[in-house]
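**Q**
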Amino acid sequence: MSIALAMVVAITKDVRGIISASSAIKKATRSLQKVMFRPIVQPFLTRRTFTSSRTLAAAMTDTSSYKFNHTMLRVKDPQRSVKFYELLGMKLINKLENPDASFDLYFMAYDDPKAANHGKHWTDREGLIELTHNYESGTEKDDNYTVNNGNGKENRGFGHVCISVDHIQDACKRISDAGYSFQKRLEDGRMRSIAFALDPDNYWVEIISQNPVSETEGKKSDVATYRMNHTMIRVKDAEKSLKFYQDVMGMTLQRTSEQKEAGFTLYFLSYGPKAPEQSANGVNPIADREGILELTWNHGSESDPNVKYHNGNDEPQGFGHTCVSVDDLDVACKRFDDMKVSWKKRLTDGRMKNVAFILDPDNYWIEVIQNEKLKNRASW
Numbered sequence: 001m002s003i004a005l006a007m008v009v010a011i012t013k014d015v016r017g018i019i020s021a022s023s024a025i026k027k028a029t030r031s032l033q034k035v036m037f038r039p040i041v042q043p044f045l046t047r048r049t050f051t052s053s054r055t056l057a058a059a060m061t062d063t064s065s066y067k068f069n070h071t072m073l074r075v076k077d078p079q080r081s082v083k084f085y086e087l088l089g090m091k092l093i094n095k096l097e098n099p100d101a102s103f104d105l106y107f108m109a110y111d112d113p114k115a116a117n118h119g120k121h122w123t124d125r126e127g128l129i130e131l132t133h134n135y136e137s138g139t140e141k142d143d144n145y146t147v148n149n150g151n152g153k154e155n156r157g158f159g160h161v162c163i164s165v166d167h168i169q170d171a172c173k174r175i176s177d178a179g180y181s182f183q184k185r186l187e188d189g190r191m192r193s194i195a196f197a198l199d200p201d202n203y204w205v206e207i208i209s210q211n212p213v214s215e216t217e218g219k220k221s222d223v224a225t226y227r228m229n230h231t232m233i234r235v236k237d238a239e240k241s242l243k244f245y246q247d248v249m250g251m252t253l254q255r256t257s258e259q260k261e262a263g264f265t266l267y268f269l270s271y272g273p274k275a276p277e278q279s280a281n282g283v284n285p286i287a288d289r290e291g292i293l294e295l296t297w298n299h300g301s302e303s304d305p306n307v308k309y310h311n312g313n314d315e316p317q318g319f320g321h322t323c324v325s326v327d328d329l330d331v332a333c334k335r336f337d338d339m340k341v342s343w344k345k346r347l348t349d350g351r352m353k354n355v356a357f358i359l360d361p362d363n364y365w366i367e368v369i370q371n372e373k374l375k376n377r378a379s380w
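Each residue of the sequence shown is one higher than the one before, starting from 1 at the first, in full-length UniProt numbering.
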């Protein structure tokens, strides 16, 4: 071996030794870093990842975009029911047929040019009434079939839907002249500013005025100005229900009406901006709105073990559910899941993958659907 070649071999061995030593040092350093930082860094990263996931879910669903879409009522004869609600100015804007399950759904809403939600997709609206007809047993021909309207001495829960009108005297006269009955006429009792009509299944339909009653006598009513204002349900514990509908469902408490002498308080919640304390004409400031939920709390019921409200889905059936349409159904349901809601039907349960049902503190069902204007999902 030449001297030059020997020198190259020696240098190569030295370089390999240096590289080997360097690699060993790097490996030792990495091992030391793992030992030193794992107890601190790893839990920190885990917590940050979990929190970020929740924050991201919340950021991707905006409860201010939610809508109190509809209230579902089971009916004996859909033709009779549709005719009644058409008298009140509503229109059949959608019908979903389910022949495999032997039921049809009729969606009634105000849709004149003066309506609050004129021309919108049915999932992008508030103030709808869904009439559910189970026709397998031929309910419309069964003389013994009745629904539970929620206001009897037993099986109480759901109370009523409410229509606000322009001129209440003439509005009530139209209903009476058409042959329909009243639970309370305008002139009955001490409260002369509201009435309760009865639909063909004896569901209560409250009639309230958008204008001072003293100024509407003798004026002709225009059904194009009507609103499906609110839905009333009774609740056992007002504090629990208010927390649920505000914190979980994202609603805003618009108005409270305490009736101390009568022993009850009414809470009105909705999506959308907070209403003013007073309206320009002095009447209820939310009378001209749609998509309102009224919670009725009878004082003391929260501590009464005998008080349990009927959710309308146990026998005898009647009222079915309220429904909220959301901006992103998957993400909204993830948020509800993170908030530990009670589920009647998860989005992934069963064959119907486009609806979910959660339970409120009184076990009333709340359907959750996709607002199809914001994101196409079901195309119904």
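The beta-carbon is built from N, C-alpha and C at its ideal position, and this holds for glycine as well.
Under 8 Å Cβ to Cβ from Y145, same chain only, skipping five residues before and after it: list those, please.
**A** Stepping through the sequence shown from its first residue, residue 145 is reached at position 145. Correct list, in chain order: K76, S137 and T139.
**Q** What is the DSSP secondary structure of E290, reduced to helix, strand or coil?
**A** The residue given as residue 290 occupies position 290 in the sequence shown. E290: coil per DSSP, three-state reduction.
**Q** Take every Cβ of the segment 250-259, pair it with every Cβ of the segment 183-196, and state whether three or more of those distances are shorter than 8 Å.
**A** No, because fewer than three Cβ pairs between the segment 250-259 and the segment 183-196 fall closer than 8 Å, the two stretches do not touch.
**Q** Flag this pair as yes or no: are the beta carbons of T80 and G157 separated by less than 8 Å?
**A** For the purposes of this step, residue 80 is taken as residue 80 along the sequence shown, with counting starting at 1. For the purposes of this step, residue 157 is taken as residue 157 along the sequence shown, with counting starting at 1. The question names Thr, but residue 80 is Arg in the sequence shown. It is not a contact, given that the beta carbons lie outside the stated cut-off.
**Q** Give me the Cα-Cα distance between D188 and I194, rounded to the nearest whole angstrom.
**A** Counting from one through the sequence shown, the residue named residue 188 turns up at place 188. Counting from one through the sequence shown, the residue named residue 194 turns up at place 194. D188 and I194: Cα-Cα distance of roughly 9 Å.
**Q** With a threshold of 16 other CB atoms inside 10 Å of the CB of H160, please say whether the residue is buried or exposed.
**A** On the sequence shown, residue 160 is found 160 positions in, with the first residue counted as 1. The residue is buried, with at least 16 neighbouring Cβ atoms inside 10 Å.
**Q** Measuring only the C-alpha atoms, how far is R125 from I93?
**A** Position 125 of the sequence shown holds residue 125. Position 93 of the sequence shown holds residue 93. The straight-line gap from Cα to Cα measures roughly 11 Å.
**Q** Kindly list the residues whose CB is nearer than 7 Å to the CB of G263, restricted to its own chain and excluding five residues on each side of it in sequence; keep chain order.
**A** Translated into the one-based positions of the sequence shown, residue 263 becomes position 263. Closer than 7 Å at Cβ, skipping near neighbours: N298 and H299.
**Q** Just checking, does the segment 93-104 make contact with the segment 356-363 on the three C-beta pairs under 8 Å criterion?
**A** Output reads no: the segment 356-363 does not touch the segment 93-104.
**Q** My assumption, with CB atoms under 8 Å, is that Y110 sits in contact with K95. Please give the rounded CB distance.
**A** One-based indexing of the sequence shown puts residue 110 at position 110. One-based indexing of the sequence shown puts residue 95 at position 95. No, Y110 and K95 are not in contact; Cβ-Cβ is about 17 Å, not under 8 Å.
**Q** Just grab the DSSP bridge partners of G318 for me.
**A** Translated into the one-based positions of the sequence shown, residue 318 becomes position 318. N148.
**Q** Which residue marks the beginning of the beta strand (DSSP E) containing K243, and which one marks its end?
**A** As a first step, residue 243 must be located in the sequence shown, where it is residue number 243. Careful: K243 lies outside any beta strand (DSSP E), inside the alpha helix (DSSP H) at A238 to K243.
**Q** Given that a residue counts as buried once 16 or more other Cβ atoms are within 10 Å of its Cβ, and exposed if not, what is T256?
**A** The residue given as residue 256 occupies position 256 in the sequence shown. Exposed is the call here.
**Q** Would you mind sorting D349 into buried or exposed? The rule is 16 or more other CB atoms within 10 Å of its CB.
**A** Position 349 of the sequence shown, counted from the start, is the residue given in the question as residue 349. Its Cβ having fewer than 16 others within 10 Å, D349 is exposed.
**Q** Just the C-alpha distance for S325 and N211, rounded to the nearest angstrom, thanks.
**A** The residue labelled residue 325 in the question sits at position 325 within the sequence shown. The residue labelled residue 211 in the question sits at position 211 within the sequence shown. Roughly 30 Å between the two C-alpha positions.
**Q** Are three or more beta carbon pairs between the segment 361-378 and the segment 297-316 nearer than 8 Å?
**A** Output reads yes: the segment 297-316 touches the segment 361-378.
**Q** Measure the CB-CB distance between Y85 and M108 and report whether it falls below 8 Å.
**A** Sequence index remark: in the sequence shown, residue 85 carries index 85 (1-based). Sequence index remark: in the sequence shown, residue 108 carries index 108 (1-based). Yes. Within cutoff.
**Q** Can you tell me where the beta strand (DSSP E) with L269 in it begins and where it stops?
**A** Against the sequence shown, residue 269 aligns to sequence position 269. First-last of the beta strand (DSSP E) with L269: F264 to S270.
**Q** Relative to the alpha-carbon of G218, which residue among S209, D199, D170 and E239 has its alpha-carbon at the smallest distance?
**A** Within the sequence shown, residue 218 is the residue found at index 218, counting from 1. Answer by Cα proximity: D170.
**Q** On the CB-based measure, 16 or more other CB atoms within 10 Å of its CB, does H133 come out buried or exposed?
**A** Start at 1 with the first residue of the sequence shown, and residue 133 comes out as number 133. Under this definition H133 is a buried residue.
**Q** Which residues mark the beginning and the end of the alpha helix (DSSP H) in which Y85 is found?
**A** Position 85 of the sequence shown, counted from the first residue, corresponds to residue 85. Looking at the DSSP string, the run of the alpha helix (DSSP H) that includes Y85 is P78 to L87.
**Q** Could you tell me the boundaries of the alpha helix (DSSP H) in which A332 lies?
**A** Reading the sequence shown from its first residue, position 332 is the one you call residue 332. Element bounds for A332: L329 to D338.
**Q** Assuming the contact rule is C-beta atoms closer than 8 Å, E130 and T71 should be a hit. Round their C-beta distance to whole Å, please.
**A** Position 130 of the sequence shown holds residue 130. Position 71 of the sequence shown holds residue 71. About 7 Å; that satisfies the 8 Å criterion.
**Q** Check whether the segment 228-248 touches the segment 280-300, counting contact only when three or more Cβ pairs, one atom from each stretch, lie closer than 8 Å.
**A** The segment 228-248, when compared against the segment 280-300, does touch it at the 8 Å Cβ threshold.
**Q** To the nearest angstrom, how far is it from the Cα of I208 to the Cα of V147?
**A** The sequence position of residue 208 within the sequence shown is 208, counting from 1. The sequence position of residue 147 within the sequence shown is 147, counting from 1. When rounded, the distance between both Cα atoms is 25 Å.
**Q** For the beta strand (DSSP E) that A171 lies in, which residues bound it at each end?
**A** On the sequence shown, position 171 is the one that residue 171 refers to. From DSSP, A171 is part of no beta strand (DSSP E) but of the alpha helix (DSSP H) over I168 to D177.
**Q** Using the C-alpha atoms, what's the distance from H118 back to C333?
**A** Here residue 333 corresponds to residue number 333 of the sequence shown, with the count starting at 1. Here residue 118 corresponds to residue number 118 of the sequence shown, with the count starting at 1. Roughly 28 Å between the two C-alpha positions.
**Q** Give the secondary structure of D124 by DSSP, where H, G and I count as helix, E and B as strand, and everything else as coil.
**A** Your numbering for residue 124 matches position 124 in the sequence shown. Reduced to three states, the DSSP call for D124 is helix.
**Q** For S53 and E372, what's the separation of their Cα atoms in angstroms?
**A** On the sequence shown, residue 53 is found 53 positions in, with the first residue counted as 1. On the sequence shown, residue 372 is found 372 positions in, with the first residue counted as 1. Only weak support is given to the placement of S53: the predicted model assigns it a pLDDT of 40, under 50, and the question is left unresolved by the model.
**Q** If you draw a straight line from the alpha carbon of K220 to that of L293, how long is it in whole angstroms?
**A** Numbered from its first residue, the sequence shown carries residue 220 at position 220. Numbered from its first residue, the sequence shown carries residue 293 at position 293. Each residue's alpha carbon lies about 29 Å from the other.
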